[in-house]
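Take a look at the structure below.
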Amino acid sequence: MHLSALYRYPLKSARGEALQTSSLDLLGLGGDRRWLLVEQGNGRFLTQRMYPQMSQLTALHSADGSLTLQASGHPALHVAVPEPDSDLRGITIWRDTFRVPDAGDAAAQWLSDFIGKDVRLVHVPEQRARFLPGGYGLIGDRVAFADGFPLLLIGQASLDDLAARVGRPLEMLRFRPNLVVQGAEAFAEDGWKRIRIGEMEFRVLKPCERCIMTTIDPQTGERSADREPLATLRTYREKEGNVLFGQNLVADGAGVLEVGMAVTVL
Numbered sequence: 003m004h005l006s007a008l009y010r011y012p013l014k015s016a017r018g019e020a021l022q023t024s025s026l027d028l029l030g031l032g033g034d035r036r037w038l039l040v041e042q043g044n045g046r047f048l049t050q051r052m053y054p055q056m057s058q059l060t061a062l063h064s065a066d067g068s069l070t071l072q073a074s075g076h077p078a079l080h081v082a083v084p085e086p087d088s089d090l091r092g093i094t095i096w097r098d099t100f101r102v103p104d105a106g107d108a109a110a111q112w113l114s115d116f117i118g119k120d121v122r123l124v125h126v127p128e129q130r131a132r133f134l135p136g137g138y139g140l141i142g143d144r145v146a147f148a149d150g151f152p153l154l155l156i157g158q159a160s161l162d163d164l165a166a167r168v169g170r171p172l173e174m175l176r177f178r179p180n181l182v183v184q185g186a187e188a189f190a191e192d193g194w195k196r197i198r199i200g201e202m203e204f205r206v207l208k209p210c211e212r213c214i215m216t217t218i219d220p221q222t223g224e225r226s227a228d229r230e231p232l233a234t235l236r237t238y239r240e241k242e243g244n245v246l247f248g249q250n251l252v253a254d255g256a257g258v259l260e261v262g263m264a265v266t267v268l
């Protein structure tokens, strides 16, 4: 087995970036989901679930942590990383409410024009990151703006199995993994507890519960009229009302990952 793909999503729910190599820190892949769009009035987080046009928004991560926003019909905008304790804004992701630095008026105006409503862009420094959901992980584990966990892994064979059942090719980016593993049987990842990729070790914490976002074409932003692939997933991957696809992970320590690294189940 080997690591066949790496993906980073600098701005939650915007386009993903395919990587050949990536650093790995307390919050997951370097630069992954460190930025977030929230409603200006109440601080609630925004995603493709309600705003599928976010799939057409490019947010490029730079080595210094800054962000470059790009979208058709809009001039590119560079956004610097705000100071970790300045202009704090209260935000809410699911059941978590906390305070993080706001990225300023220029970014807010650019993104409000793109989305079509008043929004703010916020950033999470490591020291302000959330704990994992109750009952999962260790006391030192943290997550940035991902739904609940810092890393998501999917087996390539699992996607191939699903695509065969749906009857058409499916893009891996519909499922927004960080790590893709090739060389295992379909859904072999369901049984993993600890794995090693290169020199790094990971704890496999829980399956990923899937939602309507999987029906959005990452290339066009259009929702599938037949609700695929979620409809097919529901026929054989539903457990206690949740549709499961992929596994949430936490890394033990920091390091570097590279496409092609060997994957070992421990």
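For the sequence shown, my numbering begins at 3 and goes up steadily by one. The beta carbon of each residue, even a glycine, is placed where N, CA and C say it ideally should be. Please read all numbers here as calculations on a predicted model, not as lab measurements.
Enumerate, from N- to C-terminal direction, the unbroken beta strand (DSSP E) stretches of 3 or more residues contained entirely within the region 176–251. As for any beta strand (DSSP E) of minimum length 3 sitting wholly inside the region 176–251, the runs are 181–184, 196–199, 202–211, ordered along the chain.
Using the three-state DSSP reduction, which class does VAL258 fall into: helix, strand or coil? strand
In angstroms with no decimal places, state the Cα-to-Cα distance between GLY92 and THR216. Taking the Cα positions, GLY92 is about 29 Å away from THR216.
Counting only C-beta atoms, is SER25 closer than 8 Å to chain C at any point? Any reference to chain C falls outside this structure, which holds one protein chain only.
Between which two residues does the beta strand (DSSP E) containing ASP27 stretch? 23–27
Beta carbon of THR237, beta carbon of LEU164: below 8 Å? no
Rounded to the nearest angstrom, what separates ALA264 and PHE189 at their Cα positions? 18 Å
Tell whether a beta-carbon distance below 8 Å holds between ALA65 and PRO84. no
Check whether the region 164–174 touches the region 143–150, counting contact only when three or more Cβ pairs, one atom from each stretch, lie closer than 8 Å. The region 164–174 vs the region 143–150: no contact.
Mapping the DSSP letters down to three states, classify PHE151 as helix, strand or coil. coil
Measuring straight from C-alpha to C-alpha, what distance separates ILE117 and ALA73? 11 Å
Among residues of its own chain, excluding the 5 on either side of ASP120, which ones have a beta-carbon nearer than 6 Å to its beta-carbon? GLN42, SER114
Identify every residue that forms a DSSP beta bridge with LEU31. Paired residue(s): LEU26.
Hey, THR23 and LEU246 are a contact pair by Cβ (cut 8 Å); roughly how many whole angstroms apart? About 29 Å separates the Cβ atoms of THR23 and LEU246, ruling out a contact at the 8 Å cut-off.
Using the Cβ count rule (16 or more neighbours within 10 Å means buried), how would you classify ASP107? exposed
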